[in-house]
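Q: Protein chains in written order, with this note's numbering: chain A, 1 to 468; chain B, 1001 to 1468.
Quick reminder that beta carbons are idealized off the backbone N, C-alpha and C, glycines included.
Protein chains: 2
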Amino acid sequence: MKTEHSNHVVIGAGSGGITVAIGLANLGKRVALIESLHVGGDCTNVGCVPSKTLIHLAKKYRPGDDVNQVLAEVTRKRNQLRDKETTEMQHYPNIDFIQGHARFNNPKELEVTVPDGDKRLISADHIVIATGARPRLLDIPGLPEERTLTNESLFDISQLPRHLVIMGAGIIAVEMAFAFQKLGSRVTLIALDEHVLPTYPPEVAEAMQPELEKRGINVHLKATSDHYEEESKTLFARRQDELFPIQDVDQVLIAIGRVRNIDQLDLEKAGIAYDRNGIQVDGFGRTNVKGVYAIGDVTPTSAFTHSANAQGRRVVQKILFPYLPASKKEPLFPTSTYSDPEIATVGLTRKQIEEKCHPNLIMHLRFDLKDLDRGYTDDIQNGFILVDVVRLTGTILGATIVAPHASEMISFFTLAINQRISMYKLYRQVYPYPTFSNGIQKIADAFMRETLPNMLREIKTYLRYRIS
Amino acid sequence: MKTEHSNHVVIGAGSGGITVAIGLANLGKRVALIESLHVGGDCTNVGCVPSKTLIHLAKKYRPGDDVNQVLAEVTRKRNQLRDKETTEMQHYPNIDFIQGHARFNNPKELEVTVPDGDKRLISADHIVIATGARPRLLDIPGLPEERTLTNESLFDISQLPRHLVIMGAGIIAVEMAFAFQKLGSRVTLIALDEHVLPTYPPEVAEAMQPELEKRGINVHLKATSDHYEEESKTLFARRQDELFPIQDVDQVLIAIGRVRNIDQLDLEKAGIAYDRNGIQVDGFGRTNVKGVYAIGDVTPTSAFTHSANAQGRRVVQKILFPYLPASKKEPLFPTSTYSDPEIATVGLTRKQIEEKCHPNLIMHLRFDLKDLDRGYTDDIQNGFILVDVVRLTGTILGATIVAPHASEMISFFTLAINQRISMYKLYRQVYPYPTFSNGIQKIADAFMRETLPNMLREIKTYLRYRIS
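1. What are the start and end residues of each continuous beta strand (DSSP E) run of 3 or more residues lying completely inside the segment 206–246 of chain A, in chain order?
2. Contact criterion: CB-CB distance below 7 Å. Does residue 1465 of chain B meet it with respect to chain A?
3. Assuming residue 410 of chain A contacts residue 307 of chain A (C-beta within less than 8 Å), just tell me the rounded distance between them.
4. If residue 141 of chain A sits next to residue 220 of chain A, beta carbons under 8 Å apart, how far is it from one beta carbon to the other, in whole angstroms?
5. Give me, in chain order, the residues of the same chain whose beta-carbon lies closer than 6 Å to that of residue 4 of chain A; leave out the 5 immediate sequence neighbours on both sides.
6. Which residues of chain E have a Cβ atom closer than 8 Å to the Cβ of residue 56 of chain A, listed in chain order?
7. Between the segment 283–311 of chain A and chain B, which residues of the former have a C-beta closer than 8 Å to a C-beta of the latter?
8. Three-state secondary structure (DSSP) at residue 1063 of chain B?
9. Return the chain-ordered ranges of every beta strand (DSSP E) run that is complete within the segment 268–351 of chain A and spans a minimum of 3 residues.
10. If the cut-off is 7 Å on Cβ atoms, which residues from the segment 1019–1043 of chain B count as contacting chain A, listed in chain order?
11. Decide if the segment 1012–1021 of chain B is in contact with the segment 452–466 of chain A; the criterion is three or more beta carbon pairs, one per stretch, under 8 Å apart.
12. Cβ of residue 1134 of chain B less than 7 Å from any chain A Cβ?
13. For residue 119 of chain A, I'd like the list of residues in its chain whose CB is within less than 8 Å of its CB, leaving aside the five on either flank, ordered along the chain.
14. Could you check what DSSP says for residue 39 of chain A in three-state terms: helix, strand or coil?
15. Report the option in A:355, A:62, A:272 and A:252 whose CA atom is closest to the CA atom of residue 163 of chain A.
16. With 8 Å as the C-beta to C-beta threshold (strictly closer), list the residues of the segment 1439–1468 of chain B near chain A in chain order.
17. Distance cutoff 7 Å, beta carbons only. Does residue 372 of chain A sit that close to anything in chain B?
18. Report yes or no: do the segment 1299–1314 of chain B and the segment 1277–1291 of chain B share at least 3 C-beta pairs separated by less than 8 Å?
19. Let me know if residue 469 of chain A comes out buried or exposed under the rule of 16 or more other beta-carbons within 10 Å of its beta-carbon.
20. Could you check where the alpha helix (DSSP H) with residue 1006 of chain B kicks off and where it finishes?
21. Round the Cβ separation of residue 374 of chain A and residue 461 of chain A to the nearest angstrom and send it over; I've been treating them as touching at under 8 Å.
22. What residues of chain B sit near residue 258 of chain A, judged by a beta carbon separation below 8 Å?
23. Measure the alpha-carbon distance for residue 151 of chain A versus residue 1207 of chain B and round it to whole angstroms.
24. What does the Cβ neighbour count give for residue 1076 of chain B, buried or exposed, with the cut at 16 atoms within 10 Å?
25. For a cutoff of 7 Å on Cβ pairs, would you count residue 1070 of chain B as touching chain A?
26. So with CB distances below 7 Å, who are the chain B contacts of residue 416 of chain A?
27. Out of A:176, A:380 and A:171, which has the shortest C-alpha to C-alpha gap to residue 470 of chain A?
28. Answer with yes or no whether the minimum CB distance from residue 236 of chain A to chain B is below 7 Å.
29. Assuming residue 1034 of chain B and residue 1100 of chain B make a contact with CB atoms under 8 Å, what is their CB distance in whole Å?
30. Give, in chain order, every residue of the segment 416–436 of chain A whose Cβ lies closer than 9 Å to some Cβ of chain B.
31. Do the segment 387–398 of chain A and the segment 352–366 of chain A meet, that is, are 3 or more Cβ pairs less than 8 Å apart?
32. Relative to chain B, which residues along the segment 329–357 of chain A have a C-beta separation below 8 Å, given in chain order?
33. Look at residue 474 of chain A and residue 197 of chain A and say whether their C-beta atoms are less than 7 Å apart.
34. For a contact defined as C-beta to C-beta under 9 Å, what are the partners of residue 520 of chain A on chain B?
35. Who are the neighbours of residue 412 of chain A on chain B, taking C-beta pairs under 7 Å?
36. Apart from the five residues just before and just after residue 72 of chain A, which ones in its own chain have a Cβ nearer than 8 Å to its Cβ?
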């Protein structure tokens, strides 16, 4: 077999991979882009795009509208974007699009199996791994395949489940619970976790749990599935030794987590280091093997489209301008969850703050949106802005927002943290009334009320715990 | 008549006045707070609070729901908040609440007419004028009083107008047009302006005009009312010499502008300077008369609750800590309009930029939301982020956003402008996907694409026009 050579190869045409391929191609470099399934990866095909279309249409949906038309529209829009992106990648100047599955032969060579089974050998100076992740599966004895959904099949359904059970209580699970409830499904969540949305601070679950409940979404925590009985359409769930039936279950969406797509890459043949958190990379996506990079879901730090894109941009920069100065640290990756209300975070997590600072050095600030005028006009029961700041200096370490449009509010805090803008400066800013962002003003007020009259105490606290 | 003395008097218990009264009272100062009508001023009674309640309920409203219940709920919530705020002001420690109408006798003395007609004389060291504004009226011959509405009567109606004509095309007019259309009213806008929302840059009207039209809202520009014919319920409008009939008109909302409440204050007796733009003040709300301040709608620079509040905070600071250093300039006041999509701006207007800089020094950046993935999933036709920046340096001068949640997005730009954060830094930030805030990333990309490859040209341009 003849070995073809390409200066740059990207494995995986999802958000991250496309960012790298286009970035290199636009600057005149030839790139081979290898994709085993669909261009657009999870985001376009089975993630953000169809889920946000569904969430958008569900918000507008009213009883009496044709719900199956909503589902068909989600599939149609997804397919349309997929087709557009596929054509784009097939014809993009400087990009050689290859449909196929790639494995490493050695650090500089890939074996690509194309759809007809043939194999191609491709060698490259720079290889970027962007193969993403797939849903973690869960075996439920007795559950027929046609009743089993993951995010990979969810957006192809043509009929609304009357009763959708969602296994899991993470971001995908909660987003889909709200959306399907709005479309008229009965929705039940079952999760092993102690509370919903376990990756967020516990205040988030405290706010979201009543929001799920008031919409009639049943949540069974510290529980899992046991088996399914087709005749009675009953899912038997289990909490410790206790079995309990969940009746009239049409479909079960498995959303218990993600598995990185690194097991079919033969990373060992190239000596690329990885562990249970993914492929080990530095702040520029460089693996332990020179010339091999990894971005997106396969890495430990990225689980979002925007973080994969950001990693991709940094890889492009490092490949093309290796000596250009750049921060060794990855930029801040915000998170956002498109539930109702939305959830967004940025900065250090509670755990990271605890590891870094003495608890006495931190001021936890919280403002509940119901105490805002906009909370009053819009009848908000649950929602807040949480900010963790360093005492005295007012440096912001992390922020969490639960609010109707939290995902549009969080970039304010990304900017404030990135640019080290203290609470004193946020205090002097004017926020439009009556917005939920007004809560930032209230948070800044609270910081000033706590700090100014107790300046001496704050200085002492700061000096004492600063370097502990 | 005996003259009572109060160290601090605030005339007007609207947003601005309450901010000052509470600010002073909380720091132990005694304040007389004089209000001629309702505590809460325009915002609570006839502005933000009832209008945002209406807008919120209109968004949730579906044909078949009881629309009069929606209107009743708006009135109920307004009254409830008014009662709460009234009780609060009547019992607030250090605040003497006086129901009455105040006029100046001289720079240090006010005559207050209380509801029973009695008069009180109150002298004070510090007097803050916060009397707000009222709707500008328009005489439409033949239009009965019961068919005439302003924002002062709009939130007391108990029946939905079948056909609401709105005179004007400013913020209030456009907000109410969207809200009443959603509730099922036929809505017609008539305005003398060349385009809707004339205080915003023209791109805003270009985006909002089709949004009004697609909802069936008729817009007649460069036109005004001529007369109303009760028998046929016809409003005759006029464009130049041409009369045209608008049929089946139930109610006419006059929203053609605002008049400052300064004509009944006897400002002349105190020698307080004002002109057609309002009471002249410096950046701390100080009038030409020592000890007399003005904030909110009566001043030239503030037309929003948040700007009145911000001015109020600065007055409190200046009264209590006159020697504390503070910026002489007022902070940036963002604007926001709660239409669908929303509109928000911050920073210098186009006109202010033109006055300040040579046009060649400015880069106009625009990104249309329909070209974002979120624009695709949410089916956005009109909407954008506009940013005017200084070439080369990337310093942001002003931003305008038309987007579903623009009012929550604008504080990002307030912060960026306040802290002089350049486009280079916005470029390095990660924005959550798929949000409308992703457009900020695209704007920053566009700046980099325009700047980096043309660095020499950009430097020349900057050096040439910088000081012109």
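A: On the basis of the data shown:
1. 218–220, 224–229, 234–239 and 242–246
2. no
3. The beta-carbon separation of residue 410 of chain A and residue 307 of chain A, rounded to 14 Å, does not stay under the 8 Å limit for a contact.
4. The distance from the Cβ of residue 141 of chain A to that of residue 220 of chain A is about 18 Å, inconsistent with a contact at the 8 Å cut-off.
5. 122
6. Any reference to chain E falls outside this structure, whose protein chains are A and B.
7. 304, 305, 306, 307, 309 and 310
8. strand
9. Counting whole runs of 3 or more residues, the segment 268–351 of chain A contains the beta strand (DSSP E) stretches 292–294, 335–337 and 342–347.
10. none
11. no
12. Among the CB atoms of chain A, none fall inside 7 Å of the CB of residue 1134 of chain B.
13. 1, 111, 112 and 113
14. coil
15. A:252
16. Using a CB distance below 8 Å, the part of the segment 1439–1468 of chain B facing chain A consists of 1440, ordered along the chain.
17. It does not; no Cβ of chain B falls within 7 Å.
18. yes
19. Examination of residue 469 of chain A is not possible in this model, given that chain A is present from 1 through 468 alone.
20. Note, residue 1006 of chain B: premise wrong, no alpha helix (DSSP H); beta strand (DSSP E) at 1003–1011.
21. So it is not a contact: roughly 34 Å between Cβ atoms.
22. Result: empty, since nearest Cβ-Cβ is about 17 Å, beyond 8 Å.
23. 36 Å
24. exposed
25. no
26. Within chain B, the residues near residue 416 of chain A are 1415.
27. Because residue 470 of chain A is not part of the residues shown, which for chain A are 1 to 468, the question remains open.
28. no
29. So it is a contact: roughly 6 Å between Cβ atoms.
30. 416, 418, 419, 421, 425, 426, 428, 429, 430, 431, 432, 433, 434, 435 and 436
31. yes
32. Residues 331, 332, 333, 334, 335, 336 and 344.
33. Absent from the structure is residue 474 of chain A, since the part of chain A shown begins at 1 and ends at 468.
34. Any answer about residue 520 of chain A is impossible in this case: the structure gives chain A only from 1 up to 468.
35. 1411, 1412 and 1415
36. Apart from the 5 residues on each side of it in sequence, residue 72 of chain A sits with its Cβ closer than 8 Å to the Cβ of 158 in its chain, given in chain order.
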